[in-house]
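Novice:
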Amino acid sequence: DTGVSQNPRHKITKRGQNVTFRCDPISEHNRLYWYRQTLGQGPEFLTYFQNEAQLEKSRLLSDRFSAERPKGSFSTLEIQRTEQGDSAMYLCASSFASRNNEQFFGPGTRLTVL
Amino acid sequence: AQSVSQHNHHVILSEAASLELGCNYSYGGTVNLFWYVQYPGQHLQLLLKYFSGDPLVKGIKGFEAEFIKSKFSFNLRKPSVQWSDTAEYFCAVNAQSSASKIIFGSGTRLSIRP
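In order, the protein sequences belong to chains A and B.
Quick note, the first sequence lines up with residues 133 to 246 if you use the numbering used here.
Quick note, the second sequence lines up with residues 155 to 268 if you use the numbering used here.
1. Please check if any C-beta of chain B sits within less than 8 Å of the C-beta of residue 187 of chain A.
2. Below 8 Å on the Cβ atoms is my contact criterion, and I expect residue 247 of chain B with residue 198 of chain B to pass it. Report the Cβ-Cβ distance as a whole number of Å.
3. Which of helix, strand or coil does DSSP assign to residue 158 of chain A?
4. When you compare the CB of residue 197 of chain B with every CB in chain A, is at least one pair closer than 8 Å?
5. Please identify the residue among B:208, B:261 and B:267 whose C-alpha is closest to the C-alpha of residue 234 of chain B.
6. Beta carbons nearer than 7 Å to chain A: which residues of the region 174-188 of chain B have them?
7. Does the region 213-226 of chain A touch the region 145-162 of chain A, meaning 3 or more C-beta pairs lie closer than 8 Å?
8. If you run the structure through DSSP and keep just helix, strand and coil, what is residue 216 of chain A?
9. Between residue 175 of chain A and chain B, is any beta-carbon pair separated by less than 8 Å?
10. Hey, residue 216 of chain B and residue 202 of chain B: beta-carbon distance below 8 Å or not?
11. Along the chain, where does the beta strand (DSSP E) containing residue 265 of chain B start, and where does it finish?
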């Protein structure tokens with residue numbers, strides 16, 4: 133499968149714990165995006181990378197959240213000191229950097245904070 | 155700031171009925187427009203997209219959408235729905251000038267009665 137992959141698919145954690153998610157984009161794509169989706173809502177943009185540079189961060193991305201893409205390939209999203217409000221589906225997408233920005237989405241990581 | 159409004163939260167139709175899902179966006183510049191679909195248990199998939207040219211766009215599975223610039227609308231249509239069209243549908247927009255984050259609507263859940 134050459135699509136976007138995400139691991140783990142599900143994560144259950146206790147409040148206050150740290151969690152880390154991984155996203156592997158489509159190999160030729162130089163842009164990688166993180167979104168968050170809560171029940172009954174559309175995905176909300178969190179941040180994106182072009183190669184290894186993080187070019188934009190949403191105000192939704194509090195200082196407990198950090199994302200990296202150290203070699204311009206896979207990316208990790210870490211949430212420190214998780215809160216119940218962090219429970220959501222975390223989606224990763226990738227694309228080429230172009231005017232016509234078609235993004236391809238992965239299956240998501242569902243986080244449940246108890 | 156960009157925003158997307160989807161007028162219907164939940165639509166229930168019988169098989170063979172015609173479908174139209176409303177979408178309006180707010181942005182003053184040139185945009186790319188998308189409809190994504192999320193089938194139960196599956197990840198987001200692109201249904202169709204508009205970048206430029208013919209405002210009537212045809213997508214997969216018999217769906218089409220019409221971009222009406224004067225109305226800031228991008229409504230999704232299908233002349234005859236099938237039970238397999240049961241899914242969540244998201245309208246989305248991004249600005250061609252930045253071509254980065256996609257702004258999603260809150261989604262419309264479509265239920266088809268067999």
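Quick reminder that beta carbons are idealized off the backbone N, C-alpha and C, glycines included.
Please read these numbers as outputs of a predicted model, since none were measured by experiment.
Specialist: Considering the structure as presented:
1. At least one chain B Cβ lies under 8 Å of residue 187 of chain A.
2. Residue 198 of chain B and residue 247 of chain B do not touch by the CB rule: their CB atoms are close to 15 Å apart, not below 8 Å.
3. For residue 158 of chain A, the three-state secondary structure derived from DSSP is coil.
4. Residue 197 of chain B counts as touching chain A.
5. Per the Cα distances, B:267.
6. Cβ contacts with chain A: 186.
7. With a cut-off of 8 Å, the region 213-226 of chain A and the region 145-162 of chain A count as touching, because enough Cβ pairs lie within range.
8. Correct three-state label for residue 216 of chain A: helix.
9. Residue contact check for residue 175 of chain A against chain B: a CB pair falls below 8 Å.
10. Going by C-beta atoms, residue 216 of chain B is not nearer than 8 Å to residue 202 of chain B.
11. Counted as a single uninterrupted DSSP element, the beta strand (DSSP E) harbouring residue 265 of chain B occupies residues 262-267.
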